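Data block below; observations after.
In the numbering used here, the protein residues as written are -1 to 230.
Have a look at this one:
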């Protein structure tokens, strides 16, 4: 008898979506503001400063980095955040968790991450990538925001195009893929100096590997059906 056919893959194919136009001035982005004094939460590597921007590499991609804007010779440093801790976790330690298949995050990863609340000292102008803003760009949520890490080179190209738009935004705003009640943002390092951000007065960086930080991770993971493996 011939061997049984393998079961169909539960992993969906990569999302195919249009590239940004060569002339970025033809784009019509919807702009919004993150107001001065409104804090956001940032999850970051223990080797970085709380307000340090990071350019990324081909082996350490995010949804909107690395990308090299027009006139730059090196990738642009960026800084991610979210309106609450759950959103910040969704955009960092959970951002590579697949929609289908095994959903886990190793505890060892948490030992190298901190979370802190930051406050902008001025209004930030952001490209709105919620549904109305995506519609103006001719994109769907499942393309630019809902796609998995296989699409990060393409989504980063859209970040480059929007960065280069004549409106000169400070960054991008969207609803977190894994926690879609949270607003997520990425700031461009050439538009937002680190001195435009300060730590919230009552915020102390928390390690995700112990105490309140670990509790927040486990609660968010449990709600999303994600297992934290290797817990002590």
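The C-beta atom is built at its ideal place from N, Cα and C for all residues, glycine as well.
All of these numbers come straight from a predicted model, not from anything done at the bench.
query: Own chain residues within Cβ distance below 6 Å of residue 22, not counting five before or after; result: 159, 162 and 163
query: Near the ligand GDP: residue 109 beta-carbon under 7 Å from a heavy atom; result: The ligand GDP is absent from the structure shown, which contains no ligands of any kind.
query: DSSP beta-bridge partners of residue 58; result: 55
query: Test item: CB-CB of residue 168 and residue 122 under 8 Å; result: yes
query: Counterpart residues of residue 105 in DSSP-defined beta bridges; result: Residue 105 is not bridged to any residue.
query: Assigned exposure category for residue 90 - 16 Cβ within 10 Å defines buried; result: buried
query: Proximity to residue 15 [Cα-Cα], best of 146, 105 and 227; result: 146
query: Per-residue DSSP class, three states only, for residue 189; result: coil
query: Local Cβ density within 10 Å of residue 157, reported as buried at 16 or more and exposed below that; result: buried
query: Beta carbon of residue 227 nearer than 8 Å to that of residue 96; result: no
query: Touching by the beta-carbon criterion (3+ pairs, under 8 Å), the stretch 128 to 144 and the stretch 208 to 215; result: no
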